[in-house]
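Take the sequence shown: its position 101, counting from 1, is numbered 151 in the numbering used here, and each next residue is one higher.
Glycine included, C-beta positions come from ideal geometry on N, C-alpha and C.
If you're wondering where the values come from, they're calculated on a predicted model, not measured in any experiment.
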Amino acid sequence: MRLLVCGGAGFIGSTFVRQRLLEHGDTVIVLDKLTYAGREENFHDVASDERFRFVRGAIEDPDAVASTLDGGIDAIVNFAAETHVDRSIAEPDAFVRTHALGTYVLLEAARERELRYVQVSTDEVYGSIDVGTFTEDSALRPSSPYSATKTGADLLVQSYFHTYGLRATIVRGSNNYGPYQYPEKLIPLMVLNALHGDALPVYGDGMQVRNWIHCTDFAHAIGHVLAHGDPGEVYNAGGPDEQANIDVVRRIVTLTGASEDQIEHVSDRPGHDRRYSLSSDKVCALGWTPRVRFEDGLAETVAWYRDNAWWWEPIRSGEYRAYYERQYGRALS
Ligand code: NAD
Ligand code: DAU
């Protein structure tokens, strides 16, 4: 297959690119704006593959999108997004631009060329659930500017199926973790702070629950939907394990040999969703299943960060320090 992978220089996108090149022998063009979260380092092991090409550009730029489609593409898979809820609360504008305008530009390009289209989405479109699990038919009740704009993008994708017959599908994932995740997100932030002796900032009481999925499992689910999903359908892909944040942090303390004294309860995130939980029966019926249990995946992830300082050192010594000070009101060590 010949794929255009938008946002492929990020955490999950680069995992997907690696799988498509190495496991499927696909030809892959990545279109990515390289925001703070997108990094060419994420392709270090596949960049020399002759079936791989990287183009720096924004999905909201129709010329940049057209330039990647000229050579013939079978499908667009869209990972491109602003992905951090805290940043969406502080500065929502980029979220609106990328999720609304960017998705529209990609959909138009796919419509003109009659391409297959896969939108990568999130369980956050359903909002919070105290008990039970969300199915694909659950109401959409997003809480943050991040999830509201992701929901808007999903609705636009569905409208292109209903109105124009675009062969589009949506995959909604739960909280991902694994190598190459930017350390603004809970797990890599806590791992790196634990290894450096910095404080471990837990929002509120830390009893918020997330449904963790390893990034390789989620990337495989997206590939599975690309191959076997029905146009117009939504597929949830949730992980096998749910964990309260405070338990995740305590596990990281144990795995890194840090001290529980480093844990600090800080002000809660405004509008913080209490619990996410996805039913994945529909995508499992297509033959996908998550393979990595959280206990094993977390230990491997901690080991990866411990062994790959080349990847995170430039982040921790760069602009990220200013972000961290703004967000947490204290400096990193
Ligand atoms: P990430 O922040 O690591 O990567 C996002 C990538 O998109 C970056 O490479 C960035 O440069 C690129 N990008 C941002 N705006 C762009 C634009 N306008 N044009 C082109 N490229 C742009 O994100 P991630 O965690 O890998 O998430 C990828 C996708 O998966 C997102 O759509 C996200 O909503 C979804 N998702 C993430 C999770 C999770 O837990 N991380 C869970 C479910 C769904
Ligand atoms: O559920 C899928 C979503 O998961 C994706 O769509 C988002 O792109 C992704 O960022 C993630 O959103 P969360 O807000 O759940 O992830 P985050 O890693 O920011 O936070 C996870 C939980 O940990 C959440 O309850 C907030 C809490 N937290 C986070 C940080 C960064 C803390 O307690 N302290 C922190 O410093």
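Taking 8 Å as the cut-off, is the CB of E310 close to at least one heavy atom of the ligand DAU? no
For H264, is the beta carbon positioned less than 8 Å from some heavy atom of the ligand GTP? Ligands displayed in this structure: the ligand NAD and the ligand DAU; the ligand GTP is not among them.
Can you find a heavy atom of the ligand DAU that lies under 8 Å from the Cβ of P229? no
Return the first residue and the last residue of the beta strand (DSSP E) that I220 is part of. 218-223
Measure the beta-carbon distance from Y230 to W361 and round it to whole angstroms, keeping in mind my assumption that it falls under 8 Å. 7 Å
Just checking my contact of S383 with G247 at CB under 8 Å: how many whole Å lie between their CB atoms? 6 Å
Could you pull the start and end residues of the beta strand (DSSP E) that L54 belongs to? 52-56
9 Å Cβ cutoff met for N295 and Q258: yes
Alpha carbon to alpha carbon, how far is A130 from P112? 14 Å
Between S327 and N286, how many whole angstroms is the CB-CB distance? I'm expecting something under 8 Å. Actually they do not touch by this definition, with Cβ atoms about 10 Å apart.
Residue burial classification, T339 (beta-carbon count within 10 angstroms, cutoff 16): exposed
Mapping the DSSP letters down to three states, classify F344 as helix, strand or coil. helix
Of the residues Y167, S317, D297, the one placed nearest T153, counting alpha carbons only: Y167
CA-CA distance, V127 and D311? 43 Å
Straight-line Cα distance separating K200 from Q293: 24 Å
Enumerate, from N- to C-terminal direction, the unbroken beta strand (DSSP E) stretches of 3 or more residues contained entirely within the stretch 89-115. 102-106
Three CB pairs or more closer than 8 Å across the stretch 208-217 and the stretch 346-356: no
Spell out the partners DSSP gives D255 in its beta bridges. In the DSSP output, where bridge partners are listed per residue, D255 has none listed.
Measuring only the C-alpha atoms, how far is D99 from T148? 29 Å
If you draw a straight line from the alpha carbon of T304 to that of G122, how long is it in whole angstroms? 50 Å
Less than 8 Å between the CB atoms is what I'm expecting for P222 and D173, so what's the real figure, rounded? One point to set straight first is that residue 222 is Arg, not Pro, in the sequence displayed. With 8 Å as the limit, R222 and D173 qualify as a contact, their Cβ atoms being about 6 Å apart.
Going by DSSP, what residue range makes up the beta strand (DSSP E) through R166? 166-172
Between which two residues does the beta strand (DSSP E) carrying V146 extend? Not the beta strand (DSSP E): V146 falls in the alpha helix (DSSP H), residues 143-146.
For H322, verify whether its CB is less than 8 Å away from any heavy atom of the ligand NAD. no
Report yes or no: is there a C-beta of chain D within less than 9 Å of the C-beta of N295? In the structure shown, chain D cannot be found, because there is only a single protein chain.
Cβ-based burial, D76 [other Cβ within 10 Å; buried from 16]: buried
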